Amino acid sequence: MQRVRVAALPKSPWRNGGGTTAAIAAEPEGASFDDCLWRVDVSDIARAGPFSHLAGLDRTLVPLASGLVLTIDGARHELTPFEPLAFSGDSTTTCDIATPMQAFNALTRRGKAVARVGRWPGAGRIAGPGALVFHVVRGGFSVVEGGGRPTQVEAGSAAIITPLDQPLAFEPTAAWSLAFSVLIGIVR
């Protein structure tokens, strides 16, 4: 299990200049949107405007605050904070925001990988196969891989397990804790 502090990750500017992105994990490691099999990011959305066109990728976006509205291929979606929305990177997408905010993102190469995004306000268990990113956005969690020793993952941090060979069990360390998981499977 690898743990990363999201705020310490390097940020890359969006192609359209509307924000920045920090890659938590990608396959292959360090891959861009153009050459990744999958990627899990946290993005800073700085202003309203168009989203980058990401041909061939399927996206799941989770707003980490209120006030995000996406228009996807002409259909308006008022997003609820902390609720995932899946859409195609091929879609024409624009956003309106009340104030700068962050979003958690999972991207997979269509036909080659799939992502299952989970929302965890409490204890749970995730079993593979696949690669797993477990990102804590509030509070903290005690996580155990297989029968191993507990590891603490605090808000703003993520645990990365590639591959997830044994189930991951977790429980919150505070009542307000919230985490998101992305389990990525390869299409055979």
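If you read the sequence shown in our numbering, its first letter stands for residue 126, the second for the next number, and so on. We put the beta carbon where it would ideally sit given N, CA and C, even for glycine. Because the structure is a prediction, the values reported are computed rather than measured.
For residue 241, the nearest candidate out of 232, 249 and 247 (CA to CA) = Out of 232, 249 and 247, the CA that lies nearest to the CA of residue 241 is found in 232.
Contact under 9 angstroms by Cβ, residue 173 with residue 143 | In contact: residue 173 and residue 143 (Cβ atoms closer than 9 angstroms).
Residue 284 beta carbon less than 9 angstroms from that of residue 262 = Their beta carbons are not under 9 angstroms apart, which means residue 262 does not touch residue 284 by this criterion.
Report the partner residues of residue 203 according to the DSSP bridge assignment.
-> Note: residue 203 is bridge-paired with 194 in the DSSP secondary-structure output.
Does DSSP put residue 280 in a helix, a strand or coil?
-> Coil, per DSSP.
Residue 149 bridges to which residues according to DSSP?
-> The partner list for residue 149 (beta bridge, DSSP) is empty, contrary to what the question assumes.
Using CA coordinates, which residue listed in 276, 182 and 146 is at the minimum distance from residue 163?
-> Answer by Cα proximity: 182.
Pick from 291, 287, 239 and 220: whose alpha carbon is nearest that of residue 154?
-> Closest by C-alpha distance to residue 154, out of 291, 287, 239 and 220, is 287.
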